[in-house]
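Written out below as structure tokens is the structure these notes cover.
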Amino acid sequence: MKLYDQIFNVVKQFRKLFSPGPVTNADVSGSITAEIFLIVSLVLSAILLRHVSVLLAGLVALILAVVLISNIPLIPKFKIEQEDSLEKMLFYAVVTLCIIAVFLYWGGNLV
Amino acid sequence: MNELIPLMVIVPLMAGLLISAFSKFNKATKIFAFVVAICLPIIPLASNYGLHYFGGYEPIMDNVTNVMFHPAITYSFTFLQQIFIGMIGILTFLVVFIYLTKYKEVSGPYLFLLFLGTAAVTAMLLTDDIFHMFVFFEILALAQVGIVAASSIDYSYEMALKYMILGSIGSPIMLLGIGFLLALTGSVNVTDIAYAVHNGLVNITSPVFLLSLGLIFFGWLYASGLPPFHTIKSGIYSKAEPHGAALLQSFTVISMISIVLIMFRIYSVLPIFEVLVVFFSILAMILGVSLALTQTDFRRMIGFLAVGELGFIGLGIGLGTPYAITAGLFQALNEIIITALLFIGFGAIVNATNEVDTRKLGGLLAYHPKVSIMLLIGGLAMAGVPPLSGFQSKLMLVQASLSCGYPEISILAIMVSIATFVVFVKTFYTMFLRPKPNDLEVEGKDVPRAMVFAMGILLIIIVLLGIFPDIVIKGISTFVGGIL
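Residue numbers (the working numbering), protein chains in the order written: chain A, 1 to 111; chain B, 1001 to 1484.
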């Protein structure tokens, strides 16, 4: 029953996502779908690294899967990071600029 | 008639200025705005394909190198521009029509912003000059801020201000990238720059060239609302009037494809460019759809779905083959139409109920059957259900990624489509099918006929493009063959 309890706790935490207001079955179903979709799509995207190195793709996909599954529910944490706060938007804009710089610094070797 | 090419920009621009200046004459303003809005889709259909050189400065041939240089700002009008400008024209007409029928006293400045935005995206599509593109990109950003701030929705000012602050980061960074490109090549004409890059006149491994890519790419992310700008983009859609949001999303799609096509022509020699486009497109698809699944405000939900759909367009461009780019551009056309239909349809529901929270809605199928059926078909088209237009473009994208050797991307695209379908099933059930909550008042409130008319027109286009996709695919693939 440990796994069942763990999943049940996850569902209970979705309540925070919809406060204030009632939580309906459709909302919880949507959140569970989002949770599963997020984990599967991120792991699937990590497999794309096989075009760089098969070993790297396997390792990253495995580590990502373990980290994501052990940290469920992800959506409430995720949603907090995606809210309309200007500070967070600016922070992620700077992070993105850094990611682009990293891509070009090391990825420039692909030329 | 190549003289009509610059008129596609001049007509909405001048009309907007005149409407703003003489807005105190309400009836005349209404008639004039209506007439101009009808002209907008007609001009691109009546115009011949070709080039227009501003100032009459024809290209100059260098007799030593046999290279053609373009001293003038050049507008290039092909099938791609015709179909997209025509579609924007139809959408602007529908939006202006909804606005004119909704209010007795119309606002001249608001109509000015709508026409200004249309003129800006038209210029961005036509121009072959990267600095000219940037100028209209800035004008478009201002028009978007104005359209959001002018809406009567709570906190619209705040959202518009945030968008402007983020724009004050994205736009100068893009301008800096254009400056680096100008320093390297000595030209702002895209054809000239692409010639210099593809013929070894520029060292493509130079840090300045790579830096220009990074900076312009960041500006493109802001223009197109891909991560990290997906939150603000969905935010401005939800804070604009529904008809305004329908036009705003089309502005986003057009600015996205016009900038990425310019970048593709210049930077396609760098494999890292395609990697970057695919990376951010996948991120947009995952974030957009997973956040849409958890929304209770249906305007925000459509906003996030619109961002997720942008990922499909980016994916097509990022894969880089002629078939994939054709699929991406076809997806862009479909997204403009489908998302506009959804924004107008859900706006009609807001009009009838004054409610945006799906938890407080229900049983609307009995009260608004026409709107609900049209919304359902629009939702199915966005999810990629056959035989609607969204299915054709998404099928092409799946096939393109498979043929490029990326089955993971195909699976991901199918998963995103399924998740989009789930979003619609969930929203349709909560708003239209489940029993009506007792405290919801819908009696006596009707949906404006102009909105139903606009939805009907868009629905016909969705079905037609779904059954006869070759009407546009052939022309788009010819255009793509020309730029590759």
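We treat Cβ as the ideally placed atom computed from N, Cα and C, and that holds for glycine.
{"Item": "Neighbourhood of residue 1028(B) by C-beta, 8 Å cutoff - its chain only, sequence neighbours within 5 removed", "Value": "1022"}
{"Item": "Nearest candidate by alpha-carbon position, reference residue 1376(B), set 1402(B), 1341(B) and 1070(B)", "Value": "1341(B)"}
{"Item": "Contacts around residue 99(A), its chain only, beta-carbon distance under 6 Å, and the 5 residues preceding and following it disregarded", "Value": "none"}
{"Item": "Pairwise C-alpha distance: residue 1380(B) and residue 1359(B)", "Value": "22 Å"}
{"Item": "Start-to-end residues for the alpha helix (DSSP H) that takes in residue 1130(B)", "Value": "1130 to 1149"}
{"Item": "Chain-ordered neighbours of residue 101(A) on chain B, where CB pairs are closer than 7 Å", "Value": "1214"}
{"Item": "Reference residue 1049(B); option with closest CA among 1261(B), 1076(B), 1344(B) and 1278(B)", "Value": "1076(B)"}
{"Item": "Any C-beta of chain A under 8 Å from that of residue 1257(B)", "Value": "no"}
{"Item": "Exposure label - residue 1219(B); buried when at least 16 CB within 10 Å", "Value": "buried"}
{"Item": "Beta-bridge partners of residue 1067(B), as assigned by DSSP", "Value": "1062(B)"}
{"Item": "Minimum Cβ-Cβ distance from residue 1312(B) to chain A less than 8 Å", "Value": "no"}
{"Item": "Sufficient close CB pairs (3 or more, under 8 Å) joining the stretch 1397 to 1417 of chain B to the stretch 1348 to 1358 of chain B", "Value": "no"}
{"Item": "Option nearest residue 1085(B) by Cα separation, candidates 1223(B), 1316(B), 1424(B) and 1037(B)", "Value": "1037(B)"}
{"Item": "Same chain, Cβ closer than 6 Å to residue 1109(B), neighbours up to 5 away in sequence not counted", "Value": "1020"}
{"Item": "Neighbourhood of residue 1090(B) by C-beta distance below 6 Å, restricted to the same chain and skipping five residues each side", "Value": "1041"}
{"Item": "Which of helix, strand or coil DSSP assigns to residue 1189(B)", "Value": "strand"}
{"Item": "Contacting positions in the stretch 56 to 87 of chain A - beta carbon closer than 8 Å to chain B", "Value": "75, 78, 79, 82, 83, 84 and 86"}
{"Item": "Beta carbon proximity, residue 1224(B) to chain A, threshold 8 Å", "Value": "no"}
{"Item": "Cutoff 7 Å; reference residue 1159(B); Cβ partners in own chain excluding five residues on either side", "Value": "1148, 1235, 1236 and 1239"}
{"Item": "Counterpart residues of residue 1053(B) in DSSP-defined beta bridges", "Value": "1074(B)"}
{"Item": "Beta-carbon gap between residue 1190(B) and residue 1262(B) smaller than 8 Å", "Value": "yes"}
{"Item": "For residue 1357(B), three-class secondary structure by DSSP", "Value": "strand"}
{"Item": "Validate contact between the stretch 1244 to 1253 of chain B and the stretch 1467 to 1483 of chain B using beta carbons, cut 8 Å, 3 pairs", "Value": "no"}
{"Item": "Where residue 1352(B) falls, given that 16 or more other Cβ within 10 Å makes a residue buried", "Value": "buried"}
{"Item": "Straight-line Cα distance separating residue 1045(B) from residue 1082(B)", "Value": "7 Å"}
{"Item": "Status (buried if at least 16 other CB within 10 Å, exposed otherwise) for residue 1403(B)", "Value": "exposed"}
{"Item": "Identity of the residue in 8(A), 27(A) and 23(A) nearest residue 1422(B) by Cα", "Value": "27(A)"}
{"Item": "Whole-number beta carbon distance between residue 1008(B) and residue 1126(B), since they are thought to touch under 8 Å", "Value": "7 Å"}
{"Item": "Residue 1446(B) (DSSP reduced to helix, strand or coil)", "Value": "coil"}
{"Item": "Under 9 Å from the C-beta of residue 53(A): neighbouring residues of chain B", "Value": "Within 9 Å Cβ-Cβ: nothing; residue 53(A) doesn't reach chain B, min ~15 Å."}
{"Item": "Helix, strand or coil at residue 973(B) according to DSSP, with G and I counted as helix", "Value": "Residue 973(B) cannot be examined here, being either before or after the span of chain B that is shown, 1001 to 1484."}
{"Item": "Residue 1140(B) classed as buried or exposed, judged by whether at least 16 other C-beta atoms fall within 10 angstroms", "Value": "buried"}
{"Item": "C-alpha distance - residue 995(B) paired with residue 1303(B), whole-angstrom precision", "Value": "The shown model of chain B, from 1001 to 1484, leaves out residue 995(B), and the question about it has no answer."}
{"Item": "Contacting residues, own chain, Cβ-Cβ under 7 Å from residue 1427(B) (five flanking each side not counted)", "Value": "1298, 1301 and 1358"}
{"Item": "Beta-carbon proximity check, residue 1281(B) vs residue 1318(B), cutoff 8 Å", "Value": "yes"}
{"Item": "Residue 1355(B): CB within 7 Å of a non-hydrogen atom of the ligand SAM", "Value": "Judged by which ligands are present, the structure shown has none, so any question about the ligand SAM falls away."}
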